[in-house]
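Visitor: Let me give you the structure first, and then I'll get to my questions.
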Amino acid sequence: MKNLKTLTLLISILTLFSCKSEVKDSEIDSKNEEVAKTPAENFGIVIHGGAGTILKENMSDSLERAYKIKLEEAIRVGHEILKQGGTAMEAVTKTINVMEDSPLFNAGKGAVFTHEGANELDASVMDGATLNAGAVAGVTRIKNPIDLALAVMNDSPHVMLSGKGAEMFAQERGFELVDPAYFYTENRYQSLQRIKEKEKTELDHDGKTAFADPFSKDSKFGTVGCVALDKKGNLAAGTSTGGMTNKRWNRIGDAPIIGAGTYANNATCAVSSTGWGEYFIRAMVAHDISALMEYKGWSLQQAAEEVIQKKVPALGGDGGIISIDKNGNVAMEFNTAGMYRAHMNATGELSIGIYKNE
Ligand code: ASP
Numbered sequence: 028m029k030n031l032k033t034l035t036l037l038i039s040i041l042t043l044f045s046c047k048s049e050v051k052d053s054e055i056d057s058k059n060e061e062v063a064k065t066p067a068e069n070f071g072i073v074i075h076g077g078a079g080t081i082l083k084e085n086m087s088d089s090l091e092r093a094y095k096i097k098l099e100e101a102i103r104v105g106h107e108i109l110k111q112g113g114t115a116m117e118a119v120t121k122t123i124n125v126m127e128d129s130p131l132f133n134a135g136k137g138a139v140f141t142h143e144g145a146n147e148l149d150a151s152v153m154d155g156a157t158l159n160a161g162a163v164a165g166v167t168r169i170k171n172p173i174d175l176a177l178a179v180m181n182d183s184p185h186v187m188l189s190g191k192g193a194e195m196f197a198q199e200r201g202f203e204l205v206d207p208a209y210f211y212t213e214n215r216y217q218s219l220q221r222i223k224e225k226e227k228t229e230l231d232h233d234g235k236t237a238f239a240d241p242f243s244k245d246s247k248f249g250t251v252g253c254v255a256l257d258k259k260g261n262l263a264a265g266t267s268t269g270g271m272t273n274k275r276w277n278r279i280g281d282a283p284i285i286g287a288g289t290y291a292n293n294a295t296c297a298v299s300s301t302g303w304g305e306y307f308i309r310a311m312v313a314h315d316i317s318a319l320m321e322y323k324g325w326s327l328q329q330a331a332e333e334v335i336q337k338k339v340p341a342l343g344g345d346g347g348i349i350s351i352d353k354n355g356n357v358a359m360e361f362n363t364a365g366m367y368r369a370h371m372n373a374t375g376e377l378s379i380g381i382y383k384n385e
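Each residue of the sequence shown is one higher than the one before, counting from 28 in the working numbering.
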């Protein structure tokens with residue numbers, strides 16, 4: 028009898044303790060829920076308009092204003108789409124369209140010139156929900172290459188199409204082909220002439236033609252990119268570019284390479300790169316950032332810093348990235364003097380930057 032009483036007492040005490048710990052756990056859970064916002068509350072969008080030797084002393088007030096106005100116009104287009112419940116992919120492509128249509132950026136209308144005086148455009152998109160992707164490289168008659176990259180993803184069995192074949196595909200899918208003269212801008216043409224002039228006097232010692240010096244003011248980068256997290260928690264990324272001034276031999280950079288210039292994965296983040304493409308391909312920049320998060324559990328900021336401030340410079344390259352993770356955290360990391368960039372969060376707060384420390 029006494030033993031039974033002791034046993035009952037013991038069971039009561041144990042039950043009390045286990046209840047207490049349940050209460051504790053659920054308290055923690057409810058606190059965590061308070062901290063972690065739902066995707067509908069933390070959607071967001073980030074853009075870049077290229078990184079490079081962008082110095083305040085070389086920039087007129089009116090040009091700086093023009094860049095900021097265009098960045099704001101572009102990001103507001105995507106933000107509105109997200110606010111209305113649209114997809115991250117729609118926000119990314121429509122935002123990039125605005126920058127492709129502006130002569131300010133090295134994409135679409137403002138694409139830089141190849142050595143032969145032509146314009147060859149590259150673009151890619153990636154959907155973080157399905158890990159599906161589409162890309163085009165070396166197209167010369169597509170007004171908005173990002174739209175064609177999306178069509179490759181949605182409407183072909185392939186990931187990447189190039190040159191004439193990509194343009195045949197575009198025609199079959201109802202894209203209007205523009206006259207290559209559409210891409211002529213005096214500014215970019217003069218940059219090519221200056222670089223070629225320089226080339227004559229600064230040939231590589233081994234006789235190779237000097238490639239556009241990315242540190243010279245004539246070859247500052249100007250690729251455009253966008254990443255977004257929508258209200259459903261889906262991530263998307265896109266990048267569009269004219270490549271590098273004075274490129275030859277149908278050179279293709281990182282922008283259309285999935286994992287280098289563009290990457291999105293709902294488990295981690297979405298990334299768009301800009302910089303010296305050869306190094307971004309070798310460092311697999313966009314995927315590397317995602318992989319550090321996925322396999323090492325790093326935060327987006329830690330991962331972006333590691334790749335942009337350590338890995339790329341160690342190889343000798345430069346540039347930057349914009350990115351957003353599955354919780355709406357943002358990283359805009361670059362190792363150049365500047366990067367045109369903007370971010371808008373779910374509450375509509377807008378930040379725009381060009382130089383370091385802004
Ligand atoms: N990454 C681009 C390329 O190498 C250039 C840029 O970002 O401006 O083609």
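Ideal Cβ placement from N, Cα and C applies to all residues, glycine included.
These figures come from a predicted structure and were not determined experimentally.
Quick check on the DSSP output: the beta strand (DSSP E) that includes M187 runs from which residue to which?
Guide: M187 to S189 is the extent of the beta strand (DSSP E) around M187.
Visitor: Shorter than 7 Å, the distance from the beta carbon of D281 to the closest heavy atom of the ligand ASP, or not?
Guide: Result yes, Cβ under 7 Å from the ligand ASP.
Visitor: Where in the stretch 265-321 do unbroken runs of the alpha helix (DSSP H), each at least 4 residues long, occur, reported from the N-terminal end onward?
Guide: Entirely contained in the stretch 265-321, the alpha helix (DSSP H) runs reaching 4 residues are, in chain order, 304-309.
Visitor: Starting from N85, follow the alpha helix (DSSP H) in both directions and report where the run begins and ends.
Guide: Taken as a continuous stretch (DSSP letters only), N85 belongs to no alpha helix (DSSP H), as it is neither H nor E.
Visitor: Start and end of the beta strand (DSSP E) containing D257?
Guide: Element bounds for D257: n/a, residue is neither H nor E.
Visitor: Just reading off the beta strand (DSSP E) that V163 is part of, what are its end residues?
Guide: Residues N159 to V166.
Visitor: Could you give the first and the last residue of the continuous beta strand (DSSP E) run that contains A78?
Guide: Here the beta strand (DSSP E) through A78 covers G71 to G79.
Visitor: For E360, report the span of its alpha helix (DSSP H) as first-last.
Guide: Here E360 belongs to no alpha helix (DSSP H); instead the beta strand (DSSP E) covers V357 to F361.
Visitor: Any idea what DSSP makes of Y367, helix, strand or coil?
Guide: Here Y367 sits in strand by DSSP.
Visitor: On the DSSP bridge list, what partners appear for I169?
Guide: In DSSP, I169 forms a bridge with L204.
Visitor: Say whether chain D places a C-beta atom closer than 8 Å to the C-beta of Y290.
Guide: No chain D is part of this structure, which consists of one protein chain only.
Visitor: Quick one: measure Cβ to Cβ for I300 and G265, integer angstroms, because I've assumed they're closer than 8 Å.
Guide: Before going further, note that residue 300 is Ser rather than Ile in the sequence given. Contact flag wrong, Cβ pair sits at about 11 Å.
Visitor: Please state whether DSSP places G105 in a helix, a strand or coil.
Guide: It is helical.
Visitor: Just how far apart, CA to CA, sit V163 and G288?
Guide: The straight-line gap from Cα to Cα measures roughly 12 Å.
Visitor: Tell me M153's beta-bridge partners as DSSP assigns them.
Guide: DSSP lists A160 and A264 as partners of M153.
Visitor: Should V254 and A297 be called a contact, given that it needs their Cβ atoms to be closer than 8 Å?
Guide: Yes, Cβ-Cβ distance for V254 and A297 is below 8 Å.
Visitor: Does the stretch 88-106 come into contact with the stretch 138-158, if we say contact requires no fewer than three beta-carbon pairs (one atom in each stretch) closer than 8 Å?
Guide: The answer is no - the stretch 138-158 does not touch the stretch 88-106, with fewer than three Cβ pairs under 8 Å.
Visitor: Whose CA, out of K353, N362 and L327, lies closest to the CA of T342?
Guide: Just to set this straight, residue 342 is Leu in the shown sequence, not Thr. The option with the nearest alpha carbon to L342 is N362.
Visitor: On the DSSP letters alone, give me the boundaries of the alpha helix (DSSP H) that I123 sits inside.
Guide: Looking at the DSSP string, the run of the alpha helix (DSSP H) that includes I123 is A115 to E127.
Visitor: Quick check: what's the CA-CA separation for N384 versus T157?
Guide: Their Cα atoms are separated by approximately 36 Å.
Visitor: For F210, is the beta carbon positioned less than 7 Å from some heavy atom of the ligand ASP?
Guide: Checking every heavy atom of the ligand ASP against the Cβ of F210, none is found closer than 7 Å.
Visitor: Flag T14 as yes when its Cβ comes closer than 7 Å to any non-hydrogen atom of the ligand ASP, and as no otherwise.
Guide: Here the chain comprises residues numbered 28 to 385, so residue 14 is not present and cannot be evaluated.
Visitor: Which term fits R389, buried or exposed, when burial requires 16 or more other beta carbons within 10 angstroms of its beta carbon?
Guide: With the chain represented from 28 up to 385, any question about residue 389 goes unanswered, as that position is not in the structure.
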